[in-house]
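A.B. asks:
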Amino acid sequence: VLDTETTGINPASDEIVQIYAREIINGKLGQEFHHYLKNTKSVGSAYFVHKISDEFLKEKGEDPKKILKELKEFIGDSIISGHNVIFDLNMIKENSKRYKIDIDFKNYYDTLDLSRRFLNLDSYKLSNIAKHLNFKSATHSADDDVAATIDLLIHLIKILKTGIEKRIALWNKFKNKFINISSNLNNWEKELDKKRPAEMLEFLWEESGLKQHYYQDKNFEQRDRSFQTLKTFFQGRDDASLPIKTSLHNLIHFSGLVKNIDFLGLEQGKIPIVTIHQVKGLEFDYVFLLGLNEGNFPLFRSDNIEEEKRLFYVALTRAKQQVFLSYSNFNRRFDRDYPASKSQLLNLIDQKFIEEL
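Going by our numbering, the first residue of the sequence shown is number 1163, and it counts up by one from there.
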């Protein structure tokens, strides 16, 4: 089970600053691997997430090339698990490439995916799951997050074991129907490392038989236009600086917001109005944050200011060029103006990064 802390969310340009991994052998704790890595890119505002400073890394950080080589040896052919582990694996792969280290993860399981299948919760953030199940608290320190993930993994395995006989019986009954699908999925997955998202979309449209299936539909022209629209969207927003799978993940996540915003409106000059939660993992050239007043952000009823800080960090780091922050001096209620205070979160930003308009 592993976790990383980083300078940001872009595997192509950001750096790993902490790695923690722990062996689990037959349900028991084994060896651990814990290192801080020297950085050439400042942690910046990521400090407010993991509390690891540039000064600390300058003193305690180790040579990234050496640590990544040791990590490769430590992992070997082991199965990897983690919470949203795809992010960590992409970070490790891209950081390793810079030092000409070839590291591959053949088998891995994501506790985030498993949690969504087997736990009925409002939020599947590790901290929320840990609180709900009374596990060790996840703190955005890699070692604490791994400890919480281990507890979660063991909990999920117990759930999986309870229905294993029924699943085996179900599989034996219907396996012939699924073997062909499973084989196709495995073959298509191999193409993910070769084709950029738009090309992969076209490949699946043809190879899956979906195009041929819809061709029999009286609404085929409309369906084909929808496909071409999605393909154009993928072509326009594919970030070539990102690994293929990371960019594809971002595009799928973004297009999934179609219920809330018309993502094509971005190409037409329209401005999407969304919540911070909706845009996690996405980036925009310019971001406007409104209503940064005490009581609004952070919420007056929030009892977790650290979580509000992390959410603020997410909002700030969505902007690739500029972020505009706005607050009001007065709030109007019951036809009267009342004095309003700016959010305490604004005080966390160094004044040298702020230009008042």
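Even for Gly, the Cβ is constructed at its ideal location relative to N, Cα and C.
Computed from a prediction, not measured in an experiment: that's the story for all the values here.
1) Among G1223, E1194, L1507 and Q1193, which one has its Cα closest to the Cα of V1205?
2) For A1481, which residues does DSSP report across the bridge?
3) Specify the secondary structure class of V1205 as computed by DSSP and reduced to three states.
4) Please confirm if the stretch 1355-1372 is in contact with the stretch 1333-1342, defined as three or more CB-CB distances below 8 Å between the two stretches.
5) How should I1406 be labelled, buried or exposed, when 16 other C-beta atoms within 10 angstroms of its C-beta is the threshold for buried?
6) Is E1353 near M1362, with beta carbons less than 8 Å apart?
7) Around the Cβ of L1322, are there at least 16 other Cβ atoms within 10 angstroms (buried) or fewer (exposed)?
8) Among F1474, I1319, A1481 and R1494, which has the Cα closest to the Cα of Y1209?
9) Could you give the DSSP three-state label for D1165: helix, strand or coil?
10) Starting from the C-beta of Y1376, find all residues in its chain whose C-beta is less than 7 Å away, skip the five residues before and the five after it, and write them out in chain order.
11) Could you give the C-beta distance for D1307 and D1176, rounded to a whole number, given that I count them as a contact under 8 Å?
12) Quick one, which of E1217, Q1506, F1462 and K1190 has its alpha-carbon nearest K1203's?
13) Any idea what DSSP makes of L1520, helix, strand or coil?
14) For the beta strand (DSSP E) containing F1195, list its first residue and its last residue.
15) In chain order, what residues of the same chain lie with their CB nearer than 6 Å to the CB of D1512, ignoring the 5 residues before and after it?
16) CB-CB under 8 Å to L1191, same chain, minus the five flanking residues each way: which ones, in chain order?
17) Just verifying my parser: in three-state terms, what is the DSSP assignment at G1223?
18) Quick check: the Cα distance between I1435 and F1450, rounded to an integer number of angstroms?
19) What does G1457 pair with, by DSSP beta-bridge criteria?
20) Give me the DSSP bridge partner(s) of P1501.
21) How about A1502 and N1455: do their beta carbons lie closer than 8 Å?
22) To the nearest angstrom, how far is it from the Cα of I1319 to the Cα of N1188?
23) Alpha carbons only, please: which of K1287, H1196 and D1272 is nearest the one belonging to K1442?
C.D. replies: Well, looking at it:
1) As a position in the sequence shown, residue 1205 is number 43, starting the count at 1. Comparing Cα positions, the closest option is G1223.
2) Here residue 1481 refers to the residue found at position 319 when the sequence shown is read from its first residue. Answer is F1446.
3) Along the sequence shown, read from residue 1 onward, the residue named residue 1205 stands at position 43. Coil at V1205, not helix or strand.
4) They do not touch, by the three-pair rule.
5) Translated into positions along the sequence shown, residue 1406 becomes position 244. The residue is buried, with at least 16 neighbouring Cβ atoms inside 10 Å.
6) Counting from one through the sequence shown, the residue named residue 1353 turns up at place 191. Counting from one through the sequence shown, the residue named residue 1362 turns up at place 200. Yes, the Cβ-Cβ distance between E1353 and M1362 is below 8 Å.
7) By one-based count along the sequence shown, residue 1322 stands at place 160. Burial call: exposed.
8) As a first step, residue 1209 must be located in the sequence shown, where it is residue number 47. Answer by Cα proximity: F1474.
9) On the sequence shown, position 3 is the one that residue 1165 refers to. Three-state DSSP puts D1165 in a strand.
10) Sequence index remark: in the sequence shown, residue 1376 carries index 214 (1-based). Closer than 7 Å at Cβ, skipping near neighbours: F1382 and R1385.
11) Mapped onto the sequence shown, residue 1307 falls at position 145. Mapped onto the sequence shown, residue 1176 falls at position 14. Actually they are not in contact, since the Cβ atoms of D1307 and D1176 sit about 18 Å apart, beyond 8 Å.
12) Position 41 of the sequence shown, counted from the first residue, corresponds to residue 1203. Of E1217, Q1506, F1462 and K1190, the smallest CA-CA separation from K1203 is found for E1217.
13) No answer is possible for residue 1520: the residues shown for the chain start at 1163 and end at 1519.
14) For the purposes of this step, residue 1195 is identified with residue 33 of the sequence shown, where counting begins at 1. DSSP places F1195 in the uninterrupted beta strand (DSSP E) bounded by K1190 to Y1198.
15) Here residue 1512 is taken as the residue at index 350 of the sequence shown, counted from 1. For D1512, where only same-chain residues beyond five positions count, there are no Cβ hits under 6 Å.
16) The sequence position of residue 1191 within the sequence shown is 29, counting from 1. Once the five neighbours on either side are set aside, the close Cβ partners of L1191 are R1184, E1185 and I1312.
17) Position 61 of the sequence shown holds residue 1223. Looking at G1223 - three-state DSSP - the assignment turns out to be coil, as it is neither helix nor strand.
18) Here residue 1435 corresponds to residue number 273 of the sequence shown, with the count starting at 1. Here residue 1450 corresponds to residue number 288 of the sequence shown, with the count starting at 1. Cα to Cα, I1435 sits roughly 9 Å from F1450.
19) Here the question's residue 1457 lines up with position 295 in the sequence shown. In the DSSP output, where bridge partners are listed per residue, G1457 has L1461.
20) Reading the sequence shown from its first residue, position 339 is the one you call residue 1501. The partner list for P1501 (beta bridge, DSSP) reads F1492.
21) Within the sequence shown, numbered from 1, the residue matching residue 1502 stands at position 340. Within the sequence shown, numbered from 1, the residue matching residue 1455 stands at position 293. Cβ atoms of A1502 and N1455: closer than 8 Å.
22) For the purposes of this step, residue 1319 is taken as the residue at position 157 of the sequence shown. For the purposes of this step, residue 1188 is taken as the residue at position 26 of the sequence shown. Each residue's alpha carbon lies about 12 Å from the other.
23) Sequence index remark: in the sequence shown, residue 1442 carries index 280 (1-based). It is K1287.
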